[in-house]
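To start, the structure under review is shown below, and the notes come after it.
2 protein chains.
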Amino acid sequence: MNQVTLKIGELAKLAQVSQDTLRFYEKHGLLMPHLRTDAGYRLYSEADVQRVSFILSAKQVGFTLNEISELLALEVTKDEKSCEDVKCFVDAKIVTVQQRIREMRRIKQSLQSLSEACCGGAEPATHCTILEALNAHSEDGLQQSGAR
Amino acid sequence: MNQVTLKIGELAKLAQVSQDTLRFYEKHGLLMPHLRTDAGYRLYSEADVQRVSFILSAKQVGFTLNEISELLALEVTKDEKSCEDVKCFVDAKIVTVQQRIREMRRIKQSLQSLSEACCGGAEPATHCTILEALNAHSEDGLQQSGAR
DNA sequence: GTTGACTTTAGACTTAACTCTAAGGTTTAT
DNA sequence: ATAAACCTTAGAGTTAAGTCTAAAGTCAAC
Numbered sequence: 001m002n003q004v005t006l007k008i009g010e011l012a013k014l015a016q017v018s019q020d021t022l023r024f025y026e027k028h029g030l031l032m033p034h035l036r037t038d039a040g041y042r043l044y045s046e047a048d049v050q051r052v053s054f055i056l057s058a059k060q061v062g063f064t065l066n067e068i069s070e071l072l073a074l075e076v077t078k079d080e081k082s083c084e085d086v087k088c089f090v091d092a093k094i095v096t097v098q099q100r101i102r103e104m105r106r107i108k109q110s111l112q113s114l115s116e117a118c119c120g121g122a123e124p125a126t127h128c129t130i131l132e133a134l135n136a137h138s139e140d141g142l143q144q145s146g147a148r
Numbered sequence: 149m150n151q152v153t154l155k156i157g158e159l160a161k162l163a164q165v166s167q168d169t170l171r172f173y174e175k176h177g178l179l180m181p182h183l184r185t186d187a188g189y190r191l192y193s194e195a196d197v198q199r200v201s202f203i204l205s206a207k208q209v210g211f212t213l214n215e216i217s218e219l220l221a222l223e224v225t226k227d228e229k230s231c232e233d234v235k236c237f238v239d240a241k242i243v244t245v246q247q248r249i250r251e252m253r254r255i256k257q258s259l260q261s262l263s264e265a266c267c268g269g270a271e272p273a274t275h276c277t278i279l280e281a282l283n284a285h286s287e288d289g290l291q292q293s294g295a296r
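Top to bottom, those sequences are chains E and W.
Residue numbers for the first sequence follow our numbering, so the first one is 1 and each next one is one higher.
Residue numbers for the second sequence follow our numbering, so the first one is 149 and each next one is one higher.
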């Protein structure tokens, strides 16, 4: 096994986060370096690198660190119990991720409308905002019911 | 024109946020009720409702309030200047949205692998974590990206 | 014409997620 | 063998995004 080991500064640079952030993730149980030198220096492995990468991606798309740590803690083993638990939790997350993807698409669409409204066409386009663009593309917002 | 006007409590209920949150958005320039009663009560219009809806969607998919307020401030008019500016800004945002959508898909994929590893197949699946699932589905990790 | 459910403001407090500081120990290059 | 460039900890400070409190004004109803 070629054991990649990085010191905190090296991982920080690779992942483009601060050393403080890495220590902060450790303190909150998201990222434990799997070794320490005799002097107490943290040593990170390849798996740790992937973990950081995952944390950052997940954060970028709107998961909180708490949610991320739940995701990272997920582990399917053939124990019936954990199997059921994991499936439950994960299936719920899939739904929320799907919803977010939909929201993102809506937003992307309206950004595109906005961009096109601009230098795209010979259209009049005297005036266009993102809300108008969004509106033009879909007609759902909050569900409105009896608000008098 | 049927002028829908909602008082703060009504909008809060409709949008499922607190009244404090609505006032907070106002203080930060994201949401100005377009009328006030003589007594100073805020009155929100249909457009304001859409605005809240947009703010919440955008927030959910990882935009900060600052970014959202930039998006909301965008306005294409046939003034050459604004046209260029808007296109620039928006096109950059489209790229980041596209990236986030990709991240989301990756995460969704691995959540699905995780769910399936569980009760899905006759596979061995003695053990599976989200990182392994993620790994199985794609082989890119950190590297570039950026914007901070 | 007062009660109760609404609204207003200003300002203090909270939480998440960092970010910085101080005071020191370790490693490496010269 | 010492300076520069790393690393350690504990704890304080910051920023974003709310959330809560207090003291007071307003509105509908009984």
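Glycine residues also receive a C-beta, built at the ideal position from the N, C-alpha and C atoms.
As the structure is a computational prediction, the values presented were derived from the model and not from experiment.
Environment of residue 232/W [buried if 16+ CB atoms lie within 10 Å]: exposed
On the premise that residue 213/W lies in contact with residue 178/W, defined as a C-beta separation below 8 Å, what is that separation, rounded to the nearest angstrom? 6 Å
Taking 8 Å as the threshold (beta carbon to beta carbon), is residue 256/W in contact with chain E? yes
Counting only the same chain and skipping the five closest in sequence on each side, list residues whose C-beta sits under 6 Å from that of residue 144/E. Per-residue confidence for residue 144/E stands at a pLDDT of 39, beneath the threshold of 50, marking its modelled position as unreliable; the derived number appears in the next sentence. Closer than 6 Å at the Cβ level, and outside the excluded window around residue 144/E, lies no residue.
Name the DSSP beta bridge partners of residue 76/E, please? 276/W
Quick test of the definition: if touching needs 3 or more C-beta pairs under 8 Å, does the segment 198-212 of chain W touch the segment 162-171 of chain W? yes
Apart from the five residues just before and just after residue 296/W, which ones in its own chain have a Cβ nearer than 6 Å to its Cβ? Caution applies to residue 296/W, whose pLDDT of 31 falls short of 50 and renders its modelled position unreliable; the value that the coordinates give is listed next. If we look at residue 296/W and ignore the five residues flanking it on each side, it has no Cβ neighbours.
Selected residue, minimal CA-CA separation from residue 255/W, among 33/E, 108/E and 93/E: 93/E
Terminal residues of the alpha helix (DSSP H) in which residue 209/W lies: Element bounds for residue 209/W: n/a, residue is neither H nor E.
DSSP beta-bridge partners of residue 190/W: 184/W
To the nearest angstrom, report how far apart residue 57/E and residue 72/E are at their CA atoms. 13 Å
Please name the residue, chosen from 196/W, 248/W and 190/W, that lies closest to residue 157/W on a Cα-to-Cα basis. 190/W
Here's the rule: buried if 16 or more other CB atoms are within 10 angstroms of the residue's CB, otherwise exposed. What is residue 35/E? exposed
Just verifying my parser: in three-state terms, what is the DSSP assignment at residue 114/E? helix
Just verifying my parser: in three-state terms, what is the DSSP assignment at residue 204/W? helix
Could you check whether the Cβ of residue 141/E sits closer than 8 Å to any Cβ belonging to chain W? Because the pLDDT at residue 141/E is just 45, under 50, the model does not fix this residue reliably, and the value given afterwards should be weighed accordingly. Interface residue, yes.
Taking Cβ-Cβ distances below 7 Å as the criterion, which residues of the segment 212-238 of chain W are in contact with chain E? 219, 220, 222, 223, 224, 225, 226, 231, 234, 235 and 238
Step through the CB atoms of chain E and report whether any lies within less than 8 Å of the CB of residue 277/W. yes
Span of the alpha helix (DSSP H), counted from its first residue to its last, around residue 167/W: 167-175
Partners in chain W for residue 45/E, counting only beta-carbon separations shorter than 9 Å: Those within 9 Å of residue 45/E in chain W number zero; the least Cβ separation is about 12 Å.
Taking 7 Å as the limit between beta carbons, can you name the residues of its chain near residue 238/W, skipping five residues before and five after? 222
Just to confirm, is the Cβ distance from residue 224/W to residue 230/W under 8 Å? yes
Would you mind stating whether residue 97/E and residue 262/W have Cβ atoms separated by less than 8 Å? no
What residues in its chain sit with their C-beta under 6 Å from that of residue 182/E, if we drop five residues either side in the sequence? The structure shown does not extend to residue 182/E, since chain E spans only 1 to 148, so no value can be given for it.
At the level of alpha carbons, what is the spacing between residue 130/E and residue 40/E? 52 Å
So residue 161/W is in the alpha helix (DSSP H); what residue range does that whole segment cover? 156-163
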